[in-house]
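> Protein chains in written order, with the working numbering: chain W, 223 to 321; chain U, 6 to 439. The following block contains the structure, expressed as structure tokens.
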Amino acid sequence: MWHFYMNRDLENGKFKEKLASAASMPKDVVLGAAVVTIIGDQEVCIENYRGIIEYTDVLIRVQTKGCQLRLMGKNLQIEYYTNDEMKITGRICSLEYCK
Amino acid sequence: MIQSIIRYVHGYVKIRVEGYSPERFLNLCSHHQIYIWGLTPCGNAYEMYMSLKGFKKLRPIVRKTHTRIQLVERMGLPFFLQKYRKRKLFFISFFLCLGLLYFYSSFIWDIHFEGNEKWTNETLLEFLEEKEVTPHMPKSKVDCALIVKEIRKAYDDIVWVSASIDGSRLRIQIKENEDTFREADAESGNTSDDSTASKDGQEEETLTPRDLVAAKDGVITSIITRTGVPQVHVGDTVKKGDVLVSGRIEVKNDAGEVIDYQYQASDADIFADTQLVYTDTMSTKYKKKHYEKSERRLYYLKIGSRLISVGTLKNDYKEWELHTSEHQLKLGENFYLPVSYGSKIVKSYISKEKSYTKKEIQQQLSQNFQLFSKGLEEQGIQIKDNHVNIQIGENSASAKGTLYLNESIAKETKTEIMQIEDQGQENTDQKDTD
């Protein structure tokens, strides 16, 4: 039963992705994908996320629709935090996507 | 910048969130549209700023997430007012300040002129003062249209005026008539009643019969008559007061008798050779001042009619000079206050008599003569020849001689009206001739 649902979810995702690319619609709207804008190694802007999971000055974990973002660095600080956008400043070392 | 001002006006707080899951608290905040900024981790807790409005909505979120909130700092206008609410004088003076600002801004504080070259600011200011337009007058009493009219009426060579109130400053823009030759055109273009009246006057003037007479003795070199009967020819010698062109035209019958006169204003260009005696004398000696170091100084401050001074002018110098300078304080450009300050300095000197050298005298006299001839040329007088000699005496030197000029000598006078003795007969004669 579980297997069936998972398959259906996967198929649904693929279908949506195809639809988005065929209709040339923005993927962040159709798929709910996170938009990450990195400016140098000082500033990161994340849009379209679900919420913060963990926040210290060396690691920030952010939950998005499909996966989790792990942002590692030094002196990380959240400049502002609203329902649809957040801005992180500090020295950024790495950004990982964990499924 | 604007955002921080808005935040300050609405008020904001700095809080510290501690507990089991502060991240959940953050997510709930963003879900409830509570704006958070300056989020920093601080050990196990987080510190952040949020608006006062958001802070008031926190209670259910705190209960849900089992977190503890500590208010670290309060900032902004609402807290400021709350803190100093008992300082009544501060608020009174604040509103008084606003009130005075409003009150004072209802006055004209300055009058600013633009575009005037011939007429100085001071002249125009004096004129406006006569019309009761001054700095420190209420703005509501300023009638820009009237000011414009008054200036246009009083100054013919100001072709365009605009008056406008710019904040608490009265701005008057002026366009002067730069081309003097066009003065007449500009005047005819005027719309004010004044100019039309003067135009009528000019027309009347042209209708009155006039003769042209000689203003000086001379020999006529050219005569071009436009209206009137010329009485002289080229080469004639005329004396001052001789009629050159007559404005009275004789009407004759077949027999050659004068039966009537027609009058008109004569108009002609008449040039004649004239002579002018030129004399210019100057002293060969002059006093040279040797200033000494000793001087007396007096500084003063004048408020209204009161005078406060420091120093003295008392002295026993034989010869001295007094230098005075005074400055009146003003606000802005033209708002003069009744306060002025200045200084008076008495300098002593010794004078020694010295005499000019021959070269210096010659230079001085010839320079004077050149200036004089330049003045004549500017008046349109041609200098044909001059016999001016410089004579240097013991005490004085002089330049004397005769200038031979060529100039316009016509001067207008009224024509004498002649009466015909027997009009009835002449009328019949006239009919016959018709």
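Ideal Cβ positions, reconstructed from N, Cα and C, are used throughout, including at glycine. Predicted model only: the values in this text are computed from it and were never measured.
#1: Can you give the Cα-Cα distance for W/K309 and W/D263, rounded to whole angstroms?
#2: List the residues of chain U whose Cβ lies closer than 9 Å to the Cβ of W/E301, in chain order.
#3: Does the beta carbon of U/H36 sit closer than 8 Å to a beta carbon anywhere in chain W?
#4: Tell me which residue opens and which closes the beta strand (DSSP E) that U/A50 is part of.
#5: Could you spell out the range, first to last residue, of the alpha helix (DSSP H) harbouring U/P65?
#6: Do the region 331-342 of chain U and the region 108-115 of chain U make contact, defined as three or more Cβ pairs closer than 8 Å?
#7: Could you give the DSSP three-state label for W/K321: helix, strand or coil?
#8: List the endpoints of the continuous beta strand (DSSP E) containing U/F118.
#9: What is the rounded straight-line gap between the Cα of U/Y25 and the Cα of U/G16?
#10: Please decide whether U/Y51 counts as near chain W, where near means a Cβ-Cβ distance under 8 Å.
#11: For U/I275, which of helix, strand or coil comes out of DSSP?
#12: If we ignore side chains and look at the alpha-carbon of each, how far apart do U/K444 and U/V351 end up?
#13: Can you tell me where the alpha helix (DSSP H) holding U/Q372 begins and where it ends?
#14: Is it buried or exposed, U/V239, if we count other Cβ atoms within 10 angstroms and call 16 or more buried?
#15: Whose C-beta lies closer than 6 Å to the C-beta of U/M80 among residues of the same chain, with five residues either side of it excluded?
#16: Is the region 95-103 of chain U close to the region 66-75 of chain U, with three or more CB pairs under 8 Å?
#17: Closer than 8 Å by C-beta to U/T45: which residues in its own chain qualify, once you throw out the five before and the five after it? Chain order, please.
#18: Assuming U/V218 is part of the beta strand (DSSP E), what are its boundary residues?
#19: Between which residues of its own chain and U/L33 is the CB-CB distance below 8 Å, once the five residues before and five after are set aside?
#20: My output table needs one value for U/E417: the three-state DSSP class, helix, strand or coil.
#21: Is U/E338 close to chain W, meaning its C-beta is less than 8 Å from at least one C-beta of that chain?
#22: Report the residue ranges of all beta strand (DSSP E) runs contained in full by the region 281-337 of chain U; include only those spanning at least 3 residues, in chain order.
#23: W/N305 touches chain U at which residues, Cβ-Cβ below 7 Å?
#24: Which complete beta strand (DSSP E) runs does the region 117-166 of chain U hold, if anything under 3 residues is left out?
#25: Please list the partners that U/N32 has in chain W, where partner means a Cβ-to-Cβ separation under 7 Å.
#26: Decide if the region 258-266 of chain U is in contact with the region 228-244 of chain U; the criterion is three or more beta carbon pairs, one per stretch, under 8 Å apart.
#27: Under the rule that 16 or more other beta-carbon atoms within 10 Å means buried, what is U/N432, buried or exposed?
#28: Is U/G194 buried or exposed, if buried means 16 or more other CB atoms sit within 10 Å of its CB?
#29: Buried or exposed: where does U/P143 fall if 16 or more other Cβ atoms within 10 Å of its Cβ makes it buried?
#30: Suppose you measure from the CA of W/E301 to the CA of U/S145; what does that come to, to the nearest Å?
#31: Would you give the residue range spanned by the alpha helix (DSSP H) that W/V252 belongs to?
#32: Give the residues of chain A in contact with U/E28, contact being defined as C-beta atoms less than 9 Å apart.
#33: What is the DSSP secondary structure of U/T92, counted as helix, strand or coil?
#34: Apart from the five residues on each side of it in sequence, which residues of its chain come closer than 7 Å, Cβ to Cβ, to U/K294?
#35: Here's a check: name, in chain order, each residue in its chain whose Cβ is nearer than 8 Å to the Cβ of W/G312, leaving out the five neighbours to either side.
With the given structure in hand:
#1: The residue given as residue 309 of chain W occupies position 87 in the first sequence. The residue given as residue 263 of chain W occupies position 41 in the first sequence. So the alpha carbons of these two residues sit roughly 13 Å apart.
#2: Numbered from 1 along the first sequence, position 79 holds the residue referred to as residue 301 of chain W. Result: W42, G43, L44.
#3: As a working mapping, residue 36 of chain U is identified with position 31 in the second sequence. Cβ-Cβ to chain W under 8 Å: yes for U/H36.
#4: Taking the first residue of the second sequence as position 1, residue 50 of chain U is located at position 45. 50-56 is the extent of the beta strand (DSSP E) around U/A50.
#5: Stepping through the second sequence from its first residue, residue 65 of chain U is reached at position 60. Here the alpha helix (DSSP H) through U/P65 covers 64-70.
#6: The region 331-342 of chain U vs the region 108-115 of chain U: in contact.
#7: To locate residue 321 of chain W, count along the first sequence from 1; it is residue 99. W/K321 falls in the coil class under three-state DSSP.
#8: To locate residue 118 of chain U, count along the second sequence from 1; it is residue 113. Unbroken beta strand (DSSP E) run through U/F118: 115-119.
#9: Residue numbering aside, residue 25 of chain U sits at position 20 when the second sequence is read from its first letter. Residue numbering aside, residue 16 of chain U sits at position 11 when the second sequence is read from its first letter. Going from the Cα of U/Y25 to the Cα of U/G16 covers about 29 Å.
#10: Locating residue 51 of chain U in the second sequence gives position 46, counting from the first residue. Chain W, which has a Cβ nearer than 8 Å to the Cβ of U/Y51, makes this yes.
#11: The residue given as residue 275 of chain U occupies position 270 in the second sequence. Taken through DSSP and simplified to helix, strand or coil, U/I275 comes out as strand.
#12: Absent from the structure is residue 444 of chain U, since the part of chain U shown begins at 6 and ends at 439.
#13: Locating residue 372 of chain U in the second sequence gives position 367, counting from the first residue. Looking at the DSSP string, the run of the alpha helix (DSSP H) that includes U/Q372 is 363-383.
#14: Numbered from its first residue, the second sequence carries residue 239 of chain U at position 234. Classification for U/V239: exposed.
#15: As a position in the second sequence, residue 80 of chain U is number 75, starting the count at 1. Same-chain partners within the cutoff: Y17.
#16: Result no; under three Cβ-Cβ pairs closer than 8 Å.
#17: The count along the second sequence starts at 1 and reaches residue 45 of chain U at position 40. Counting only Cβ-Cβ distances below 8 Å, and skipping sequence neighbours, we find Y51, E52, M53.
#18: Locating residue 218 of chain U in the second sequence gives position 213, counting from the first residue. Unbroken beta strand (DSSP E) run through U/V218: 215-219.
#19: Position 28 of the second sequence, counted from the start, is the residue given in the question as residue 33 of chain U. Cβ within range, chain order: I66, K69, T70.
#20: Translated into the one-based positions of the second sequence, residue 417 of chain U becomes position 412. U/E417: strand per DSSP, three-state reduction.
#21: What you label residue 338 of chain U is simply residue 333 of the second sequence in a count that begins at 1. Not closer than 8 Å to any Cβ of chain W, the Cβ of U/E338 fails to qualify, so no.
#22: 290-308, 311-316, 325-336
#23: As a first step, residue 305 of chain W is located in the first sequence; it is residue number 83 there, counting from the start. Residues of chain U with a Cβ closer than 7 Å to the Cβ of W/N305 are, in chain order, S35, H36, Q38.
#24: List check, beta strand (DSSP E) in window: nothing returned.
#25: Taking the second sequence and counting its residues from 1, the one referred to as residue 32 of chain U is at position 27. Result: G273, I274.
#26: no
#27: For this step, residue 432 of chain U is matched to residue 427 along the second sequence. At U/N432 the pLDDT is 49, less than 50, meaning the model places this residue with poor confidence; the figure from the coordinates comes in the next sentence. Answer is exposed; the Cβ neighbour count stays below 16.
#28: In the second sequence, the residue the question calls residue 194 of chain U occupies position 189. Annotation note: pLDDT 44 at U/G194 (below 50); position unreliable, coordinate value reported separately. So U/G194 ends up on the exposed side.
#29: In the second sequence, residue 143 of chain U corresponds to position 138, counting from 1. With fewer than 16 Cβ atoms within 10 Å of its Cβ, U/P143 is classed as exposed.
#30: Locating residue 301 of chain W in the first sequence gives position 79, where the first residue counts as 1. Locating residue 145 of chain U in the second sequence gives position 140, where the first residue counts as 1. Straight-line Cα distance between these residues: approximately 52 Å.
#31: Residue 252 of chain W sits at position 30 when you count from the first residue of the first sequence. Element bounds for W/V252: 249-252.
#32: Included in the structure are the protein chains W and U, with no chain A among them.
#33: As a working note, residue 92 of chain U is residue 87 in the second sequence. Checking the sequence shown, residue 92 of chain U turns out to be Arg, not Thr. Coil at U/R92, not helix or strand.
#34: Position 289 of the second sequence, counting from 1, holds the residue named residue 294 of chain U. So the qualifying residues of the chain are Y354, S356.
#35: Here the question's residue 312 of chain W lines up with position 90 in the first sequence. Result list for W/G312: Q264, D279, G295, K296, N297, L298, Q299, in chain order.
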